[in-house]
Amino acid sequence: MPQMPPYPCLDLTTVQNPTRDLPSSLTPDEVTLWTRDRKRALVLCRAQEILRRESLHPGGIDPGWVEASWMRMEGIKETDEKIAAIYEGTNLNQMPPQILLGALMQESMMADLGISSDGGNYSCGIAQLNVLEWCLWAEHADQDIKNQIGWPARRAGMCSAPLLSTKLVEPFFKYGLAHLNGVPAYKMKPKHLEGIRLADVIGSFPAGSSKDQKLRFEIVQSFVKNCSSYRFSIPAKAHVLKAIFDHEIPSAFHDVQTYTSGGFERPCRIQSTTNAYPLHSGWLLADAIYNAGPRIVDVVAHYRKLDRAAASNPTTWTEFYPQDLVSALYWGGKYNRKTDRLDSIDLDGNPFSMTWFKSCIVQRHVARVVQYVTLPGYDLVRSLEDKNGCAKSTFDSEGHLIKSSVPLERQRSSGQISAGSR
Numbered sequence: 247m248p249q250m251p252p253y254p255c256l257d258l259t260t261v262q263n264p265t266r267d268l269p270s271s272l273t274p275d276e277v278t279l280w281t282r283d284r285k286r287a288l289v290l291c292r293a294q295e296i297l298r299r300e301s302l303h304p305g306g307i308d309p310g311w312v313e314a315s316w317m318r319m320e321g322i323k324e325t326d327e328k329i330a331a332i333y334e335g336t337n338l339n340q341m342p343p344q345i346l347l348g349a350l351m352q353e354s355m356m357a358d359l360g361i362s363s364d365g366g367n368y369s370c371g372i373a374q375l376n377v378l379e380w381c382l383w384a385e386h387a388d389q390d391i392k393n394q395i396g397w398p399a400r401r402a403g404m405c406s407a408p409l410l411s412t413k414l415v416e417p418f419f420k421y422g423l424a425h426l427n428g429v430p431a432y433k434m435k436p437k438h439l440e441g442i443r444l445a446d447v448i449g450s451f452p453a454g455s456s457k458d459q460k461l462r463f464e465i466v467q468s469f470v471k472n473c474s475s476y477r478f479s480i481p482a483k484a485h486v487l488k489a490i491f492d493h494e495i496p497s498a499f500h501d502v503q504t505y506t507s508g509g510f511e512r513p514c515r516i517q518s519t520t521n522a523y524p525l526h527s528g529w530l531l532a533d534a535i536y537n538a539g540p541r542i543v544d545v546v547a548h549y550r551k552l553d554r555a556a557a558s559n560p561t562t563w564t565e566f567y568p569q570d571l572v573s574a575l576y577w578g579g580k581y582n583r584k585t586d587r588l589d590s591i592d593l594d595g596n597p598f599s600m601t602w603f604k605s606c607i608v609q610r611h612v613a614r615v616v617q618y619v620t621l622p623g624y625d626l627v628r629s630l631e632d633k634n635g636c637a638k639s640t641f642d643s644e645g646h647l648i649k650s651s652v653p654l655e656r657q658r659s660s661g662q663i664s665a666g667s668r
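Every number in my numbering is 246 more than the matching position in the sequence shown, counting from 1.
Take a look at the structure:
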């Protein structure tokens, strides 16, 4: 869990670039100490210095660094309360707390973010949920929670089309932007949406009866007024990941990578309700699906040369560990030069494809989830992109490929595991 170190931060006030430089006075041993053992503390020290400089000279530092630094410093607030919410959410859903913590760190650095457009998804909060996910969680919440978030009366089908879509949040988001009063959009809070009425947004809603429009407004209003609170978003995220694990992960994967009673010897701060490994690959796969869709399971199956019978056999997954998952996500699918996509065959024998960019992003996402919950000095999982990172290929206005960003090594790969490999 991110938190300021119990020792003083490095004095970075004299370095030229606080995003990368270290004081010239450090000895080689001190450099090693801060870049290895105290690596995570150094990240927070840099964030603190960046915000200090920005407050003195607004606009003097790249806005991206300022935003990331703000997120990091927000993320260390109310640490104990966030930990309690993580344990409560994971114990309720029988999932490893490490999975939820890593996912939240990857989404938001544990900061209570405001609403962002997110390509039309209109994500919000520490968990970066959308209104559909919020609705599905709220429907299963107890009555006390429903009362706190102003949840409307239940109606069949209220959490899906045609009644509900992420686009319904757009007019609320635009209203908030118009009332920021100079505050950056990532700091949008419920106060920026105060006073919003149905009449202000109904013009952007799809056609519907007055009851439909009122219900849409109440659902979205509950979302925008409460989604930036970790008290609600953390349990909502746990609920969403549990639903994916139950319905999208092969059932044979559910009962492997588990400890026998008493098999986990390290003392835990709070007793967990699951005996799954802390970095259970099935739960990591659920988080990958959350970010890239259920086709990811078929990508893994294609890479591992699995048919449905093999995917239904528990022994297939017993030793399928996090690095194996990252490898499958990165290398799964054969590159097609005509389409610049990765071609695979799903578990039912049907062809499908996805972009390398999506494949690259999701493997990096999973690797970072693991890295965020790994003790300093340990290297359990590495992402596989090269020095150029994950980039989109370039196409012209008619969809013709101008330049592929798929690395040559990836283009030449068979897209399936080779004999003797994991």
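Backbone N, C-alpha and C fix where the C-beta goes; we use that ideal spot for every residue, glycine too. Computed from a predicted model, the values in this text were never measured in an experiment.
- In the DSSP assignment, residue 601 falls within the unbroken beta strand (DSSP E) covering 597-601.
- Boundaries of the beta strand (DSSP E) harbouring residue 648: 647-649, taken from the DSSP string.
- By DSSP's assignment, residue 580 forms a beta bridge with 589.
- DSSP, reduced to helix, strand and coil, places residue 504 within a strand of the structure shown.
- Residue 352 is classed as buried because its beta carbon has at least 16 other beta carbons within 10 Å across all chains shown.
- When DSSP states are grouped into helix, strand and coil, residue 307 belongs to the coil group.
- In the DSSP assignment, the residues bridged to residue 369 are 362.
- A distance below 7 Å between beta-carbons, with the five flanking residues on each side excluded, links residue 641 to the following residues of its chain, in chain order: 647, 648.
- Where residue 267 is concerned, there is no enclosing alpha helix (DSSP H), because DSSP gives it neither an H nor an E.
- With a cutoff of 8 Å on beta-carbon distance, residue 496 and residue 527 are scored as not near each other.
- Nearest to residue 406 by alpha-carbon distance, out of 601, 465, 487, 509, is 465.
- Here the region 396-412 lies against the region 377-387, with 3 or more beta-carbon pairs under 8 Å apart.
- Per DSSP, the unbroken alpha helix (DSSP H) holding residue 328 starts and ends at 325-338.
- Closest in alpha carbon position to residue 255, among 274, 334, 279, 262, is 279.
- Uninterrupted alpha helix (DSSP H) stretches at least 4 residues long and entirely within the region 464-498 occur at 476-494, given in chain order.
- In this structure, the straight-line span from the alpha carbon of residue 348 to that of residue 525 is close to 10 Å.
- The beta carbon of residue 655 sits closer than 6 Å to no other beta carbon from its chain once the five residues preceding and following it are set aside.
- Here the alpha carbons of residue 412 and residue 432 stand approximately 18 Å from one another.
- By the Cβ-count criterion, residue 320 is buried, with 16 or more other Cβ atoms from all chains shown falling within 10 Å of its own Cβ.
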